[in-house]
Amino acid sequence: MAHGKTIKIFLESNDATGIKHAEVVNWTGQAILCPRPLLAALKEWPESQKPAVYLLFGENREGLPAVYVGEADNVFDRLRNHERNKDFWNEVVFFTNKDENLTKAHVQYLESRLCDLAREANRLAMENVNQPKLPSLPRSDRESMEEFVEYIRLLLGTMGYRVLEPNKRETSKVRPSAPVRTGGRTFKFAVRGVSATCLQTNDGFVVLKDSQAALKPTGSFADYFIKMREMLVEKKILKQMDKSYEFAEDFLFASSSTAASIVAGGQRNGRTSWIDEQTGKTLAEIEQEALS
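Counting in this note's numbering, the sequence shown runs from 797 upward without gaps.
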């Protein structure tokens, strides 16, 4: 017989788009959700220094919603590495224990099981190249970890990620617009005779109204981006001018690279394309400095 659950969510900065701590009453596990721009703040959280299983969420190079599942002895150290070597993600959710009873073998087990479930659900594109091997655990530990998996599924769904839920319909491939500006750094990108302004927020990257986009695509412009641009034109978010497109309103992109690619009319790395207005540094340089 299924029973109701009480879930507690703590907002670290009284901001719904900031870092969140989630737990189920009478469960020893816990979840932390952190937007990529706030990653440096995690260093002050003791939970980030523990063994954990984690999921990175964002968009892949084709512009599709994507997830990467991993595990680490010290999740903050691993996320610092991913900040340098994985561009696609804009949010992380990791799971650890309130006590010290979650071991390396446990998080490896969880990683393998979450990869299995995410692939079966087929809701998001998987960024994992290999399938992690399921480690051997005593029967009692396996049962405990299977229960842990169910709590992970519950908390992920509560926080808006149904990545482990069986998929009964096609996942939407286009992120909605109508963003709300919530502050953050402002970046510029000039390329191929056009220029655009982008606001980094905890939700993603907002290309601002009156920004320009290249009129003609290059050979590196993937089919997905062509279709996305056609959608933006159809919805009158992009309007055609004499020598370029122009954004008629703010538009939220899930990743800096998708935003840069639409502006440039060709495949671009957003972390090296967007330049901070105040410092002249790239997005990649600013993220690195925040973690040093």
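For glycine and all other residues, C-beta sits at the position ideal for the given N, C-alpha and C. Quick caveat: nothing in here was measured; it's all calculated off a predicted structure.
Exercise for the section: Spatial neighbours of LYS804 within its chain, please: CB distance less than 6 Å, with the 5 preceding and 5 following residues excluded, ordered by chain position. Expected result: GLU819
Practice task
Give the DSSP-derived three-state secondary structure of GLY953 in the structure shown.
Solution key: helix
Problem - Local conformation of LEU920 per DSSP, three classes - result: coil
Exercise for the section: Go ahead and label GLU907 buried or exposed: buried means 16 or more other beta carbons lie within 10 angstroms of its beta carbon, across all protein chains shown. Expected result: buried
Handout entry: Cβ shell of GLU808 (< 6 Å), same chain only, five flanking positions each side left out
Key = GLY814, ILE815
Problem - Distance, GLU896 Cα to GLN845 Cα - result: 11 Å
Exercise for the section: Can you have a look at HIS799 and say buried or exposed, based on whether 16 or more other CB atoms are within 10 angstroms of its CB? Expected result: exposed
Practice task
Tell me PRO831's beta-bridge partners as DSSP assigns them.
Solution key: GLU887
Handout entry: 6 Å CB neighbourhood of SER1007 in its chain, flanking five on each side removed
Key = ALA992, THR993, PHE1043
Problem - Test item: CB-CB of ASP1046 and LYS1005 under 8 Å - result: yes
Problem - Reduced DSSP secondary structure (H/G/I, E/B, other) of GLY825 - result: strand
Practice task
In angstroms with no decimal places, state the Cα-to-Cα distance between GLU946 and ALA914.
Solution key: 13 Å
Practice task
Below 7 Å CB to CB, which residues in the same chain sit around ALA1050 once its five sequence neighbours on both sides are set aside?
Solution key: GLY854, GLU855, ASN886, ARG971, GLY1000
Problem - Buried versus exposed, by CB contacts within 10 Å (16 or more), ARG832 - result: buried
Problem - Other residues of its chain near LYS964: CB distance less than 7 Å, five sequence neighbours each side excluded - result: Summary for LYS964: the model assigns pLDDT 45, below 50, so the residue's position carries little reliability; its value from the coordinates is reported in the next sentence. Nothing meets the Cβ criterion.
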